[in-house]
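What follows is a single structure, written as structure tokens, with notes after it.
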């Protein structure tokens with residue numbers, strides 16, 4: 050039961066990050082590698098502000114930190130004409146040093162004796178268990194971000210961003226600033242990722258400089274898995290699929306790690322295998338459809 054509840058809590062919290070990755074990879078079709086840096090940036094900022102006794106402010110600042118990282122990547126892409134992959138790598142590399150600076154040179158920071166959103170809610174509602182408090186905050190966080198993104202991408206600015214991702218040339222011909230749309234989209238995407246980092250550091254009561262390693266793989270796997278469950282292209286269901294994918298991914302990881310065949314250090318390999326399988330499924334479906342079509346054509350020729 051603890052495993053199920055823990056995976057549900059983490060799946061919802063990481064769902065916030067996956068929605069951000071969905072914006073960059075699906076809405077904008079940009080391979081943004083800023084994720085690992087912006088996640089840790091939000092995590093580090095949240096940890097230090099929480100340690101100072103301001104857990105609510107910590108969540109806000111972590112989101113702004115992620116947005117700043119995304120906007121910087123967007124500027125590298127649009128103003129300096131740097132390839133999107135390289136721009137993300139440059140930002141991610143620079144953020145490693147910035148994150149260490151934010152954490153005052155320490156590789157990890159503990160929040161065991163600090164106020165967090167979770168301890169605040171537990172103090173306000175002492176009758177609630179620790180797991181219930183964590184689940185409530187996870188549901189609220191994922192739900193609010195889902196609704197906020199759904200509303201935003203139905204506004205004129207949100208529709209312009211979606212149109213830019215679909216066809217940048219057409220949008221440019223319509224006198225919409227394509228570069229501004231890309232920067233805005235990357236800022237929003239990484240704001241979600243930084244927010245996730247800020248929530249996770251309060252959830253686990255510590256921050257580590259290497260916490261962001263592998264987050265991009267986790268996010269991609271969740272996006273692809275979620276799309277397999279929810280195929281609707283309506284914007285609400287697109288972001289909902291990101292949350293569903295995050296939940297399914299967490300349960301897959303939990304089951305794999307519970308198995309006696311996989312020690313704890315195999316986590317990254319398991320994640321990579323899941324992503325590989327998820328990416329291979331569409332290709333396998335196309336190959337299967339092509340074989341069926343070829344067989345049908347051959348059968349038609351023989352009958353003739």
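In this note's numbering, the protein residues as written are 50 to 353. Positions of the beta carbon are idealized from the N, C-alpha and C atoms, including for glycine.
On the three-state DSSP scale, how would you describe residue i?
i: residue 157; result: strand
i: residue 217; result: helix
i: residue 256; result: strand
i: residue 177; result: coil
i: residue 279; result: coil
i: residue 261; result: coil
i: residue 171; result: helix
i: residue 163; result: coil
i: residue 77; result: coil
Using the C-alpha atoms, what's the distance from residue j back to residue i?
i: residue 186; j: residue 58; result: 9 Å
i: residue 238; j: residue 346; result: 46 Å
i: residue 228; j: residue 321; result: 33 Å
i: residue 225; j: residue 284; result: 21 Å
i: residue 128; j: residue 234; result: 15 Å
i: residue 176; j: residue 183; result: 14 Å
i: residue 331; j: residue 83; result: 26 Å
i: residue 18; j: residue 119; result: This structure does not reach residue 18, given that the chain is present from 50 up to 353, and the question cannot be answered.
i: residue 296; j: residue 124; result: 33 Å
i: residue 55; j: residue 161; result: 19 Å
i: residue 189; j: residue 310; result: 36 Å
i: residue 171; j: residue 192; result: 20 Å
i: residue 268; j: residue 95; result: 21 Å
i: residue 121; j: residue 132; result: 13 Å
i: residue 336; j: residue 278; result: 21 Å
Please confirm whether residue i and residue j have their CB atoms less than 8 Å apart.
i: residue 303; j: residue 52; result: yes
i: residue 115; j: residue 90; result: yes
i: residue 323; j: residue 294; result: no
i: residue 248; j: residue 76; result: no
i: residue 150; j: residue 264; result: no
i: residue 289; j: residue 195; result: yes
i: residue 86; j: residue 144; result: yes
i: residue 99; j: residue 165; result: yes
i: residue 167; j: residue 252; result: yes
i: residue 126; j: residue 136; result: yes
i: residue 211; j: residue 201; result: no
i: residue 287; j: residue 69; result: no
i: residue 257; j: residue 148; result: no
For the alpha helix (DSSP H) containing residue i, name the first residue and the last one.
i: residue 131; result: It is not in any alpha helix (DSSP H) - residue 131 carries neither H nor E in the DSSP assignment.
i: residue 104; result: 104-127
i: residue 225; result: Segment: none, residue 225 is in no alpha helix (DSSP H) and carries neither H nor E.
i: residue 203; result: Where residue 203 is concerned, there is no enclosing alpha helix (DSSP H), given that its DSSP letter is neither H nor E.
i: residue 290; result: 284-307
i: residue 53; result: 51-71
i: residue 100; result: 84-100
Would you say residue i lies against chain D (beta-carbon separation less than 8 Å)?
i: residue 249; result: Absent here is chain D; the protein component of the structure consists of one chain.
### contact_flag[the stretch 216-225, the stretch 55-69] where n(CB pairs < 8 Å) is 3 or more
No, they do not touch.
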